[in-house]
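Anchor point for the sequence shown: position 223 equals 203 in my numbering, and the numbering is continuous, going up by one each time. Think of the CB as a built atom: it goes at the ideal place given N, C-alpha and C, for glycine as much as any other residue. Bear in mind that the values here come from a model prediction, so they are computed numbers and not experimental data. Working notes, structure below.
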Amino acid sequence: MLDRLARHLADAGLGEKEARVYLALLGLGTASAQDIAAHSDVHRATTYLALESLKQRGLVKASDQNKRTVFSAEHPERLRDHVREELQRAQEKERNANAYLPELEALFRAPAQKPVVRYFQGTEGLRAFREALANISSERCDAFIRLDDSLRAIADEGSDARFESFRSKLKFRFLYVAEAGTPLPAFPDIYRSRIETRIIPLPPFEFSGEIGLLDHVMYFVSASPDIVGCVVESPHVAALFRAQFDHAWKYAASQLSKK
-19 MLDRLARHLA
-9 DAGLGEKEAR
1 VYLALLGLGT
11 ASAQDIAAHS
21 DVHRATTYLA
31 LESLKQRGLV
41 KASDQNKRTV
51 FSAEHPERLR
61 DHVREELQRA
71 QEKERNANAY
81 LPELEALFRA
91 PAQKPVVRYF
101 QGTEGLRAFR
111 EALANISSER
121 CDAFIRLDDS
131 LRAIADEGSD
141 ARFESFRSKL
151 KFRFLYVAEA
161 GTPLPAFPDI
171 YRSRIETRII
181 PLPPFEFSGE
191 IGLLDHVMYF
201 VSASPDIVGC
211 VVESPHVAAL
221 FRAQFDHAWK
231 YAASQLSKK
């Protein structure tokens, strides 16, 4: 029976040693810490700690008897009162948490809202740039590409087996910006089934380089006049760019249908 009661007391918030001390004291009525320790089979020093905790909960009281301190248990109804008080405190904590939760959520979202921008320059920077792209988890790549000699010159610069493996798993939509009659790049057979291409004439889309999107990341690379790369990690920036790309992609299709 005592073991079962000890489990119920644990459910009410008492520790194992506190429950054993409390049950022993209920049976003893009034007793010294030494007697309580003996009847509860709890070490004497631990018994003092348990009694102090029970006093703070209002379950035990201490008094002087023949120049020594003795302890007695309060009526068991006090345990029910204690549980109710704990419940009220928990409810108050919940109300307080609900009050400041919006501020915590704002802090939690803040880092994700701030874009992470990385900048790369030169041939070594281009290798680091492509390594950064290879670390991004994405199933597709959408890109504006200005076809000119400067971009062709760095097409394979800084590429390695890891980057090629990363690129071989993607589906692509390439929107080429080129002068009339400019030949399009030829792709290896392993890429052809996963690449869609469309062309936009130069005006009004004049720029130099490549601007692309991988999942939540937007990137830019240019080789004119110097090799420069930039990676921007931001779902908001990526969503804005995706909307612009989709609009331009549809525009390219409409221009094609007019021919």
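{"Query": "Reducing DSSP to helix, strand and coil, say where T162 ends up.", "Result": "coil"}
{"Query": "Within a Cβ cutoff of 8 angstroms, which residues of the same chain sit near R174, ignoring the five residues on either side of it in sequence?", "Result": "L150, K151 and F152"}
{"Query": "Helix, strand or coil, according to DSSP, for K230 in the structure here?", "Result": "helix"}
{"Query": "Helix, strand or coil for A(-8) per DSSP?", "Result": "coil"}
{"Query": "Out of H23, V197 and R0, which has the shortest C-alpha to C-alpha gap to A240?", "Result": "Nothing can be reported for residue 240: it is not among the residues displayed for the chain, which extend from -19 to 239."}
{"Query": "Under 8 angstroms between the Cβ atoms of I191 and A108?", "Result": "no"}
{"Query": "Taking the alpha-carbon of F167 as reference, which of F154, G161 and D61 has the nearest alpha-carbon?", "Result": "F154"}
{"Query": "Could you compute how far the alpha carbon of S118 sits from the alpha carbon of R75?", "Result": "42 angstroms"}
{"Query": "Straight-line CA distance for L(-6) to S43?", "Result": "22 angstroms"}
{"Query": "If I follow the unbroken beta strand (DSSP E) through I170, where does it start and stop?", "Result": "Here I170 belongs to no beta strand (DSSP E); instead the alpha helix (DSSP H) covers D169 to R172."}
{"Query": "For R178, list the residues DSSP reports as bridge partners.", "Result": "L155"}
{"Query": "Can you list, in chain order, the residues of its chain whose CB lies under 6 angstroms from that of T10, leaving out five sequence neighbours each side?", "Result": "V50 and S52"}
{"Query": "What is the DSSP secondary structure of G189, counted as helix, strand or coil?", "Result": "coil"}
{"Query": "Should T27 go down as buried or exposed, given a rule of 16 or more other Cβ atoms within 10 Å for buried?", "Result": "buried"}
{"Query": "Please state the DSSP three-state secondary structure of L39.", "Result": "coil"}
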